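>
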Amino acid sequence: MMYKIRTERLPELFALAAADKALYLPVEQGGQVEFRPWSEGAAVRFDALNTVRSAKDLFFPQTENLVAFRTEGKKISIIENADTGAPFGLMGVRSCDAKSFEILDRVFLAEPADTYYKARRENGTVVTLACHEPEETCFCAALGIDAAESADGDAASWIRDGWFYLKPVTAKGEASVETVRPLLTECDGADDAAVEAEKKDIGAVIGQLPFSKLDLSRFRGENMLEIFNDPRWKELSAACLGCGTCTYVCPTCQCYDIKDFKTGDGIQRFRTWDSCMYSDFTKMSAGQPRLTQVERFRQRFMHKLVYYPMNNDGLYSCVGCGRCLRKCPISMNIVKVAKTLGGEQNDEQ
Amino acid sequence: MQEIFGRIKKRAAELFADGTVTRMVGWQKGESDYDKTPAVFGPDMKGFVYDGFCGANLSKYLINLSKVEGRTLVLLKPCDSYSFNQLLTEHRIDRDKVYAIGIDCNGKLDINKIRALGVKGIRSVAEEGDEVVLDTVYGSKRVKRSEVLLDRCYCCKGKDHVAGDEFILAEKRVDTTTTDRFELVKKLEAMTPDERYEFWRGELSRCIRCNACRNVCPACSCVKCVFDNPALGTDSKANSDTFEENMFHIIRAFHVAGRCTDCGECSRVCPQHIPLHLLNRKFIRDIDELYGEYQAGAEVGQRGPLTDFAKNDAEPGATPDKGGKK
Ligand code: SF4
Ligand code: SF4
Ligand code: SF4
Ligand code: SF4
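Protein chains in written order, with my numbering: chain E, 1 to 349; chain S, 1001 to 1326.
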């Protein structure tokens, strides 16, 4: 069953949904849109396509406490202070970000499961939102992701002509929709037609985007060494600043570091996102295994396009969200890498 | 710019041909018209471009390029030439390894400002006189160039270069300055400490500690940054609390004080659009007031007010009786 509500009444829906649990939405602050907890008067931006940071933050936050240690004399006590939170809702998630959860699940939920991540995944209900106006940096289509209707998430939504359409997909989604049910109207055949028309329009735009037909087929296991040894990594990475922007805005980057912060009378152990672009990434007693920026840069793309799919039934660790295209200070990104190393079939694109 | 680009390309080809230079650092055409990547070119200059989207300051690349065989041709916009001088003053670039051409600039475009006007799905961008013409999947649009320039271009230090072996300039120079660069600093100074704290917390709380601001900054040229020291507990990636976000930026601003040329790269690259340049400009304004007007990078070999010592130096804070104004 699909439901609908006028878009101008969405604040009522947010208020009701946020009554008993936190509700995260794309909210604008200081000109930038990020997933933030809803509060009265929040500037919700369902029209903004991609948030700066992706929705992965809600499940795999940039920093989180794992455990603390406290010393008193010779006594060490362990303090459990991880915060894996309470049930929460997440609305306005685009198909690309929704797909990224599957990519992260395969890493964090593989046995032995990461309990912190797992708890948040179980706590979260994801409502996806179809992309009314995809942008030129979007290339979800090249990764088999449908911007018009997400195959992931607990409920799907669309906005067209002043109506917000909501369709639960999973049992969790059903339960969430039930909590706002009093505000919703059941859809009829005309509404189904409106949503179908919206999907068709989105599909037509996607077809016109410049990278929708990007061909990644050369990136597979049997070409691993050939791609790894390609001399062109050098020119591709020549201007790279070695900052962490591309990795920190990426919904599928999953590397982290565990660090100890000295608190004076003990230690706070925390987890923090890591970036393969950084000089101390996977640093061991013998040093950093990737000594130059060429090697670090190569690692990022080899991981996304070759290593990860080799271990995960050919699934690429990129969802085509285009964040790295928009945010890299020197305008280097996965599309340029894929076009350069991906074979001649990409020359005409 | 088309005409300037042609002249640069022609001159670069001559410099390659007569052996003056072995490589050139410039901007390379990317996947779309607004997408320009700094790149090192050989004599074929494949993909080389120069237009309104070539905002990136190339001078910092010369630190590494100074260490390789042969001489590098660098293209410097007027503001880039200050960074170049500052790096020379700090002995980070080997002048003999560089051939610098100062090139014309009529203000650089900011794709984010264009997008903020509601432009989506860009197919092509063309500069036509003082307009920018956009073709998108959702229709076309024309915007005034003067509405979509990088912030720094509205407070341009002037269209004259302070460094260069030769210059390629337009006959008619376009002045893009419209604003006093200290306007916002003055606003911040007029706030109460609480208001100012709120302002900076609001801005800095968006920081993701990606380090793009640091890594792009020509004044941040330490071989190993203190924030890259894993033993410190606050290294680059550890965005562990709000204190850190603040301290990282305050420490960085202090470290570049007196050396920052106000090139605006930090704010240009910040994925979160944090107005980092305002921290630096506050320092510049204080330095101007306390030690007399000073522009980092104006000349090679300048003695910076904070790294030089004079008996009558102002001592702000502790001993205002010695001339400190505050
Ligand atoms: S590719 Fe771009 S965003 Fe990524 S580290 Fe290099 S400069 Fe930074
Ligand atoms: S690599 Fe780039 S396009 Fe792909 S998921 Fe990450 S940020 Fe998005
Ligand atoms: S990449 Fe696709 S799914 Fe993601 S925002 Fe763009 S159009 Fe939507
Ligand atoms: S570039 Fe912006 S987000 Fe990145 S570390 Fe600097 S201020 Fe923070």
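Glycine included, every Cβ here is placed at the ideal spot set by N, Cα and C.
The structure presented is a predicted model; accordingly, all values stated were derived computationally and were not measured.
Please list the residues of the segment 1013-1044 of chain S that have a C-beta atom closer than 7 Å to any C-beta atom in chain E, keeping them in chain order.
Going along the segment 1013-1044 of chain S in chain order, one finds Gly1030, Glu1031, Ser1032, Asp1035, Lys1036, Thr1037, Pro1038, Ala1039, Val1040 with a Cβ nearer than 7 Å to chain E.
> Rank Lys167/E, Lys283/E, Lys118/E, Cys138/E by C-alpha distance to the C-alpha of lysine 56/E and give the top, closest one.
Taking only the C-alpha atoms, the option nearest lysine 56/E is Lys118/E.
> Could you tell me whether the segment 99-107 of chain E touches the segment 1090-1108 of chain S, where touching means 3 or more Cβ pairs closer than 8 Å?
In short, these stretches do not touch, since the Cβ pair count stays below three.
> Output needed in chain order: residues of the segment 1102-1129 of chain S with a Cβ under 8 Å from some Cβ in chain E.
Result list: Ala1116, Lys1120, Gly1121, Ile1122, Arg1123.
> Based on the DSSP output, what are the partners of proline 1038/S in its beta bridges?
In the DSSP output, where bridge partners are listed per residue, proline 1038/S has Trp1027/S.
> If you scan the segment 84-125 of chain E from start to end, which runs of the alpha helix (DSSP H) of 4 or more residues do you find wholly inside it?
For the segment 84-125 of chain E, whole alpha helix (DSSP H) runs of length 4 or above, ordered along the chain, are 95-108, 115-123.
> Using 8 Å as the limit for Cβ to Cβ distance, is valine 337/E near chain S?
No, its Cβ sits nowhere closer than 8 Å to a Cβ of chain S.
> Between the Cα of glycine 1164/S and those of Leu1058/S, Asp1044/S, Val1074/S, Gly1304/S, spot the shortest distance and give me the residue it belongs to.
For glycine 1164/S, the nearest C-alpha among the options comes from Val1074/S.
> For tryptophan 233/E, which residues in the same chain have their Cβ closer than 6 Å to its Cβ, ignoring the five residues on either side in sequence?
The answer, listed in chain order, is Val294, Arg298.
> Got a sec: is the Cβ-Cβ distance from asparagine 1246/S to anything in chain E below 8 Å?
Taking Cβ atoms only, chain E never reaches closer than 8 Å to asparagine 1246/S, which makes this a no.
> Leaving aside the five residues before and after lysine 1029/S along the sequence, list all residues of the same chain whose C-beta is less than 6 Å from its C-beta, in chain order.
Cβ neighbours of lysine 1029/S beyond the five flanking positions: Gly1047, Val1049.
> Using C-beta distances below 7 Å, list every residue in its chain close to glutamine 345/E, excluding the 5 sequence neighbours before and after it, in chain order.
Excluding sequence neighbours, glutamine 345/E sits near Asp215.
> If you follow the beta strand (DSSP E) that phenylalanine 219/E is in, where does it begin and where does it stop?
It is not in any beta strand (DSSP E) - phenylalanine 219/E carries neither H nor E in the DSSP assignment.
> Quick one: which residues of the segment 279-291 of chain E get their C-beta closer than 7 Å to a C-beta of chain S? List them in chain order.
Under the 7 Å Cβ criterion, the segment 279-291 of chain E contributes Ser279, Asp280, Lys283.
> Using a C-beta cutoff of 8 Å, does arginine 160/E count as contacting chain S?
No, arginine 160/E does not count as interfacial toward chain S.
> Taking the alpha-carbon positions, what's the tyrosine 316/E to arginine 121/E distance?
Going by the C-alpha atoms only, they are around 21 Å apart.
> Please list the terminal residues of the continuous beta strand (DSSP E) segment that includes arginine 1123/S.
First-last of the beta strand (DSSP E) with arginine 1123/S: 1122-1128.
> In chain order, what residues have a CB nearer than 6 Å to some heavy atom of ligand 2?
Going along the chain, the residues that qualify are Val249/E, Cys250/E, Pro251/E, Thr252/E, Lys304/E, Cys318/E, Val319/E, Gly320/E, Cys321/E, Gly322/E, Arg323/E, Cys324/E, Ile334/E.
> Give the residues whose C-beta lies closer than 5 Å to at least one heavy atom of ligand 1, in chain order.
The set, ordered by position in the chain, is Cys240/E, Leu241/E, Cys243/E, Thr245/E, Cys246/E, Met277/E, Cys328/E, Ile330/E, Met332/E.
> Can you say whether phenylalanine 1186/S is buried or exposed, counting buried as having 16 or more other CB atoms within 10 angstroms of its CB?
It should be pointed out that residue 1186/S corresponds to lysine in this sequence rather than to phenylalanine. With fewer than 16 other Cβ atoms within 10 Å, it is exposed.
> Output yes or no for whether 8 Å exceeds the beta carbon distance between phenylalanine 228/E and threonine 7/E.
Against a cut-off of 8 Å, the Cβ pair of threonine 7/E and phenylalanine 228/E comes out as no contact.
> Report the residue ranges of all alpha helix (DSSP H) runs contained in full by the segment 2-50 of chain E; include only those spanning at least 4 residues, in chain order.
Counting whole runs of 4 or more residues, the segment 2-50 of chain E contains the alpha helix (DSSP H) stretches 10-17.
> Quick one: what's valine 1133/S bridged to in DSSP?
In the DSSP output, where bridge partners are listed per residue, valine 1133/S has Ala1126/S, Arg1142/S.
> Spell out whether any CB of chain S is found under 8 Å from the CB atom of serine 212/E.
No, its Cβ sits nowhere closer than 8 Å to a Cβ of chain S.
> Taking 8 Å as the CB-CB cut-off, is glycine 1202/S touching chain E?
Judged by the 8 Å Cβ criterion, glycine 1202/S is in contact with chain E.
> Secondary structure at aspartate 257/E, three-state DSSP: helix, strand or coil?
It is a strand residue.
> Sorted by chain position, which residues of the same chain lie with C-beta nearer than 7 Å to cysteine 1225/S's C-beta, five sequence neighbours on each side aside?
These residues qualify, in order along the chain: Arg1214.
> Assuming contact is defined by CB atoms lying nearer than 8 Å, are arginine 36/E and tyrosine 24/E in contact in what I supplied?
Taking 8 Å as the Cβ cut-off, arginine 36/E and tyrosine 24/E qualify as a contacting pair.
> For isoleucine 1274/S versus glutamine 62/E, is the C-beta spacing smaller than 8 Å?
Their beta carbons are not under 8 Å apart, which means isoleucine 1274/S does not touch glutamine 62/E by this criterion.
> Let me see if you follow: with CB-CB separation under 8 Å, is alanine 239/E close to chain S or not?
Closer than 8 Å to some Cβ of chain S, the Cβ of alanine 239/E qualifies, so yes.
> Please decide whether cysteine 187/E counts as near chain S, where near means a Cβ-Cβ distance under 8 Å.
Not one chain S Cβ lies under 8 Å of cysteine 187/E.
> In three-state terms, what does DSSP make of alanine 338/E?
DSSP places alanine 338/E in helix when its eight states are reduced to three.
> Any heavy atom of ligand 4 closer than 7 Å to the beta-carbon of leucine 1276/S?
Checking the Cβ of leucine 1276/S against ligand 4 gives yes.
> Check whether the Cβ of valine 1216/S lies closer than 8 Å to any Cβ atom in chain E.
With 8 Å as the cut-off, valine 1216/S counts as an interface residue toward chain E.
> Quick check: what's the CA-CA separation for leucine 1149/S versus arginine 106/E?
Near 44 Å, if we compare the C-alpha coordinates of arginine 106/E and leucine 1149/S.
> Cβ of isoleucine 1208/S within 7 Å of any heavy atom in ligand 4?
True, at least one ligand heavy atom lies under 7 Å from that Cβ.
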